[in-house]
Structure formats: C-alpha cells, structure tokens
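See structure below.
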Amino acid sequence: MLRSVTKKRPPFMTAQRWVFVIVASLLLLGTAIGIYFRDIQMPRWSAERDAEARAVEAADLAEVEQVYHHIWNKESWVVKGVDANSDEVFVWLAEENEPMTLKASEGISASELRSAFALGKPQADIKRMQPGLLNDTPVWEIFYRIAGSPDRYYYDFYRFDDGTFIDEYKLPAETEP
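36 is the number that the UniProt record's numbering gives to position 36 of the sequence shown; each next residue is one higher, with no gaps.
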C-alpha cells in the first residue's frame, strides 16, 4: 500500500518578511513622530525667524548668534548678534515698541553679572540667565534656587546697562489646587 505524501507549505511570514515589517513599521513611526514634532514646533521656529529678520533689519546685523524669547509683563524677543563693525549687539523687540539696540560694551556682560551675583548670593544655584524686558527696560533675568533650601525658585532682575538690582520675585514652594 502506497501512501500519498503531501508537502507542507512553507509559512507565509518568514524571518526575512518579519524583519522587513518591523523595519518598515519603525521607519513609519519615526517619520510620524518627526512630522508631529515639526508641526508642533513650527510656530516657535517661525516666530524666532521673524525676530531674527526684524533684528537684522533694525540693527544691520551681519551675524545672529542667539535668540532669546522672554515673557514677563509682555512678550519680547532679544537677539544677540554682530553688526557690520564687528561689535557685539543686543536688539530688544516687543510688539508695541520700536526695536531697541545696545552694544554689548554699553552694558554689563553676562559673565560679569554672574560673578557679582555669585559674590552676593554664594549659595544660589543659577538655572538660567538671559536678557529680557521688564517694564520696557532692558534687563538681565536670573532664575535660580537657593541650595539646601526647600524647592523654592527666584527671579532676580538687573539693569542691562549697569547691573543695578531692580527686583526679586519669589515663586511659592507649593501651589494650591
């Protein structure tokens, strides 16, 4: 008696197909995340480009080094760059105001202010230091916390031109619901 032998069909999902499906899925996921990130960041990037363009036009900047976004009592942009004379320049831009331009040499530098701040408050841990506008006055904003104390953060504002202390704001350690 002869037996009929049937061949077993190979599986549809071979190892190579699994690898292809996994790689294609990862590429699709990465592309989707990239598109989502770009879509979320596009308004910020556009505003930053607009601020750069306004600053280049207002101060005749040859090169833009850094753009700061500052929000306190009003939204403003501060653009740090180099003008045609190779001088370092800061340009303050706010919605209602004309652009304000100051050479870095006309004000206190960030490193000088950081050193003076460290002498006055040696236990302070500086989180961020950036130029900004406070009541239409160019300022340096220092965001810091006191080391060893409860998680309480502070904002100190100093005049940009001479480093004179203006004001301190203390954030509450806890907020109510």
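Idealized CB from N, CA, C, for every residue including glycine.
Apart from the 5 residues on each side of it in sequence, Ala147 sits with its Cβ closer than 8 Å to the Cβ of Gln123, Ala124, Asp125 in its chain, given in chain order.
Boundaries of the alpha helix (DSSP H) harbouring Gln41: 15-59, taken from the DSSP string. Following the DSSP letters along the chain, one finds Arg159 inside the beta strand (DSSP E) bounded by residues 153-159. With a contact defined as Cβ atoms closer than 8 Å, Val89 and Leu61 qualify at about 7 Å.
As a beta-bridge residue in DSSP terms, Leu93 pairs with Trp77. Membership of Glu106 in any alpha helix (DSSP H) is not indicated, and neither H nor E is assigned to it by DSSP.
The Cβ atoms of Leu93 and Ser76 lie closer than 8 Å to each other.
With respect to the 8 Å criterion, Val78 and Gly132 are classified as neighbours on the basis of their beta carbons.
The beta carbons of Ile166 and Phe157 sit about 4 Å from each other, so the pair counts as a contact at 8 Å. Remark: fewer than three beta-carbon pairs, one from each stretch, lie closer than 8 Å, so the region 96-116 and the region 64-72 are not flagged as touching. Residue nearest to Asp83 within the set Asn97, Phe20, Ala59 is Ala59 (criterion: CA-CA distance).
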